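Worksheet: the structure to be examined is printed underneath.
Number of protein chains: 2
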Amino acid sequence: MAEKAPWITYRPTLKVLDCTIRDGGLINDHKFTDETVRAVYETCIAAGIDFMEIGYKNSADLFPKKDFGDWRHCDEEDMRRIVGDHDPEKTGLRLSAMADAGKSNWKEKVEPAADSVLDMIRIAFYANQVSEAAEMVHHAHEQGYEVMANLMAVSNITEAEIDTVLEAIKPTPATTMVIVDSFGHLYREQIDLLYRKYAEAMEGTGKEIGIHAHNNCQLAFANTIEAIILGSDRVDATMGGMGRGAGNCPMELLLGFLRNPKFDLRPVVDLIQNHIEPLKKDVEWGALVPYNITGQLNLHPRAAMEFRTTKEKDDLIKFYDSIMADI
Amino acid sequence: MAEKAPWITYRPTLKVLDCTIRDGGLINDHKFTDETVRAVYETCIAAGIDFMEIGYKNSADLFPKKDFGDWRHCDEEDMRRIVGDHDPEKTGLRLSAMADAGKSNWKEKVEPAADSVLDMIRIAFYANQVSEAAEMVHHAHEQGYEVMANLMAVSNITEAEIDTVLEAIKPTPATTMVIVDSFGHLYREQIDLLYRKYAEAMEGTGKEIGIHAHNNCQLAFANTIEAIILGSDRVDATMGGMGRGAGNCPMELLLGFLRNPKFDLRPVVDLIQNHIEPLKKDVEWGALVPYNITGQLNLHPRAAMEFRTTKEKDDLIKFYDSIMADI
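Here the protein sequences line up with chains A and B, keeping their order. For what it's worth, our numbering labels the leading residue of the first sequence as 1, then goes sequentially. For what it's worth, our numbering labels the leading residue of the second sequence as 1001, then goes sequentially.
Structure below.
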């Protein structure tokens, strides 16, 4: 056979980030028990995962501490309650937190990396927030962190807007520009176009391209694979696919696909059984039909999430009709 | 922009086959109520779907009528009870049944098309059954049917075996050779290789390449899209993704992706709400972790299906360990 079989080999440079607590926290206001956060942390280490995103560095004014759990703010003492002094070299795991443009008092909250258990800050922003995002990248870099730039909702903006964002991020010290499909709308060909666009824009900078996919159309894992095939070495997933609305790329599928022997699926299966599945008593996520519909239509899943909290939550046709009447 | 956006256009030649009753029947021994079968039939017509596979033409000796529902055998009078004299021209829908090599008394059961509501017979076979399959293709064609050839479990045989099957099917009057990922194991690059292999083997015959995907790794829809992008014009899906084990490519995702205005998603959403979701009281399907595991390991989902009938069905780590000990 002349053909190669890349799916049974691996790229040692590929790094996996778990964002279960950060993204999953959007469905429970980050009110995880310490036991759950600790279990995810220990699972990341045992499974050979490269990064764990433990939450948001968001403003306590916008997200009051009485209404939101600790992982909306990621105060140093709260993180240390779970991870102690966390040694990235010994554990093989680096910790990350996300700061949203417009929602973070980042100048105060992103303190020197030398004093933090965090190794990385990810800056999440909409296209119109790119100027603040660039400032945030610089600030976090100056504090000593690796920094990623996550342009959200990329399916919902123009090509010119994307180009402008990429141009603005290019000269910053961000190591990675992430393709973020917030609405779970993108198909394979669109991932290809975006990957090429991002990679061309960043050419010569050494920046990597990341992928953060949502599962509205059951394509989170497929689109993550697609980005990997194209060359992405920074990929996001969550345990059991937990995440807002339809959820994310499931870690159990991703690790089963990756062939680096350093990854171990067993601790992830254990975590899903003992810590993630039990969360479903209180919160819901997954590629349900209402999320299929918002994903296909390139809409924020907001309407579907709201509908799923009503008494009529299983009245699919009512939801379909209401969405179609609105667009 | 120099780029094209093929995902908002369509190929009028692309035909969709619904196999909800045929494949879904593998989880309830084809014991559907007439109401359900009629609802699927009417939905296919209303949604603009091209083919409905109503069941198997399997042997009543192997599958006794006391143990299996009517759709395991597809006797003419049973089909007519649902679809009357069925007019393909008026409804836009053609009916299909599947005959398994080794499990069908096809010489008696596949009667002249002129006397049947069926327009198409699909021959399902494993590689080692290709000689019988070729005979079955000829027989069904002589009876006046369109015929498809479905080589099952293609992820589990050698390249040489695939080549031999393709060579044997090439001179038959089958119109379509279908890529069937019975174990839900294939990744995007493997779909690409298989599509090219199938297409090259059939070059010059006018035969089309079909795709029938299973959802063990949440890739049924993605792999179906991939085959479509490569040129496949004959694609299978089921309502709500219903099917054995992890299920199939969900029709609601496929129709949302296809842009031919003849397709209408609304009747499918209605059917899912009123007829498919209620089936979940008695049967289970979906990309659960045990199916993720068998899919990743290229195993028949049998062990996972059996495990899900036991008291320990949610003991994921026990299932994982038992599978890993076995391979």
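Even glycine gets a Cβ: it sits at the ideal position worked out from N, Cα and C. Treat the numbers as computed from the prediction; the structure is a model and nothing was measured.
Next on the checklist: Among the candidates I1008(B), D1018(B), K1004(B), whose CA atom is the shortest distance from the CA of R1347(B)?
Outcome noted: Since the first residue of chain B shown is 1001 and the last is 1327, residue 1347(B) is not available in this structure.
Checklist entry - What are the boundary residues of the beta strand (DSSP E) that includes R94(A)? => result 94-100
Checklist entry - Cα separation between T176(A) and L265(A)? => result 26 Å
Checklist entry - Considering N150(A), what are the terminal residues of the beta strand (DSSP E) in which it resides? => result 146-151
Item to check | Cβ neighbours of F125(A) in the same chain (closer than 6 Å, five flanking residues each side left out) | outcome: A101, A133
Checklist entry - Going along the chain, which residues of its own chain have a beta-carbon closer than 8 Å to the beta-carbon of F183(A), five neighbours each way excluded? => result Within the same chain, F183(A) has close Cβ partners A153, S155, N156, H214, N216, T294, G295, N298, L299, H300, P301.
Checklist entry - So who's on the other strand from R234(A), going by DSSP bridges? => result K15(A), G210(A)
Item to check | Where L1254(B) meets chain A, residues with beta-carbon distance less than 9 Å | outcome: By Cβ distance, chain A contributes nothing, its closest Cβ being about 10 Å from L1254(B), past 9 Å.
Next on the checklist: Against chain A, with Cβ distances strictly below 7 Å, would L1258(B) count as a contact?
Outcome noted: no
Checklist entry - Going along chain A in order, which residues have a C-beta closer than 8 Å to the C-beta of R1188(B)? => result Residues of chain A passing the Cβ test: R188, A222, I225, E226, I229.
Checklist entry - Who are the neighbours of I1272(B) on chain A, taking C-beta pairs under 8 Å? => result V289, L316
Item to check | Counterpart residues of D1181(B) in DSSP-defined beta bridges | outcome: The partner list for D1181(B) (beta bridge, DSSP) reads A1213(B).
Checklist entry - Using a Cβ cut-off of 9 Å, which residues of the segment 278-310 of chain A contact any Cβ in chain B, in chain order? => result A287, V289, N292, I293, G295, Q296, L297
Item to check | Start-end ranges of the alpha helix (DSSP H) lying completely within the segment 245-315 of chain A, minimum 4 residues | outcome: 251-257, 266-271, 289-296, 302-307
Checklist entry - Of the choices T1310(B), K1031(B), L1253(B), whose alpha-carbon is the least far from that of R1072(B)? => result K1031(B)
Checklist entry - Where does K262(A) land, buried or exposed, given buried means 16+ other C-beta within 10 angstroms? => result A residue is called buried when at least 16 other Cβ atoms come within 10 angstroms of its Cβ; K262(A) does not meet this threshold and is exposed.
Checklist entry - Residues bridged to I1121(B) by DSSP? => result A1097(B), V1147(B)
Checklist entry - In whole angstroms, what separates the C-alpha of M1(A) from that of D1075(B)? => result For M1(A), the predicted structure reports a pLDDT of 40, less than 50, and the residue's modelled location is therefore unreliable. The matter cannot be settled from this model.
Item to check | Interfacial residues, the segment 1021-1051 of chain B to chain A, with Cβ spacing under 7 Å | outcome: none
Item to check | alpha helix (DSSP H) segment containing G1024(B), residue limits | outcome: Looking at the DSSP string, the run of the alpha helix (DSSP H) that includes G1024(B) is 1020-1024.
Next on the checklist: Pull the bridge partners of E53(A) from the DSSP assignment, please.
Outcome noted: DSSP lists S96(A) as partners of E53(A).
Checklist entry - Once you ignore the five residues that flank I1211(B) on each side, which residues in its own chain have a CB closer than 6 Å to its CB? => result I1179, T1224, A1227, S1232, V1235
Item to check | Reduced DSSP category for T1176(B) - H, G, I as helix; E, B as strand; rest coil | outcome: Residue state for T1176(B) is assigned as strand, using DSSP reduced to three classes.
Next on the checklist: Check this for me: beta carbons of Y1056(B) and I1082(B), under 7 Å apart or not?
Outcome noted: no
Checklist entry - Quick one: is the Cβ of G1243(B) within less than 6 Å of any heavy atom of the ligand NAP? => result In the structure shown, the ligand NAP is absent, as is every other ligand, since no ligand is present at all.
Item to check | CB of A1222(B) within 7 Å of CB of L219(A), strictly | outcome: In contact: A1222(B) and L219(A) (Cβ atoms closer than 7 Å).
Checklist entry - Is the beta carbon of Q1273(B) less than 7 Å from the beta carbon of L316(A)? => result yes
Next on the checklist: Taking its Cβ as the centre, do 16 or more other Cβ atoms sit within 10 Å of L93(A), making it buried, or is it exposed?
Outcome noted: With 16 or more Cβ atoms within 10 Å of its Cβ, L93(A) is classed as buried.
Item to check | Element boundaries [alpha helix (DSSP H), containing A79(A)] | outcome: A small fix is needed here, since residue 79(A) is Met in this sequence, not Ala. Looking at the DSSP string, the run of the alpha helix (DSSP H) that includes M79(A) is 76-83.
Item to check | From H185(A), H138(A), K318(A), D34(A), residue whose alpha carbon lies closest to that of G84(A) | outcome: Of the candidates H185(A), H138(A), K318(A), D34(A), the one whose C-alpha sits nearest the C-alpha of G84(A) is D34(A).
Checklist entry - Of all Cβ atoms in chain B, is any one closer than 7 Å to the Cβ of L350(A)? => result Since the displayed chain A opens at 1 and closes at 327, residue 350(A) lies outside it and no answer follows.
Item to check | Where P171(A) sits in the DSSP three-state scheme | outcome: Residue state, collapsed to three classes: coil.
Checklist entry - Whose CA, out of D270(A), D115(A), I323(A), lies closest to the CA of D1321(B)? => result D270(A)
Checklist entry - What in chain A is Cβ-close to A1320(B), meaning under 7 Å? => result The amino acid at residue 1320(B) is misidentified as Ala; the sequence shows Tyr. Correct list: R266, V269.
Checklist entry - Secondary structure at M1(A), three-state DSSP: helix, strand or coil? => result Confidence at M1(A) is low in this model, with a pLDDT of 40, below 50, so the placement of that residue should be treated as unreliable; the coordinate-derived value is given next. Three-state result, M1(A): coil.
Checklist entry - Is any beta-carbon of chain B found at less than 7 Å from that of W7(A)? => result yes
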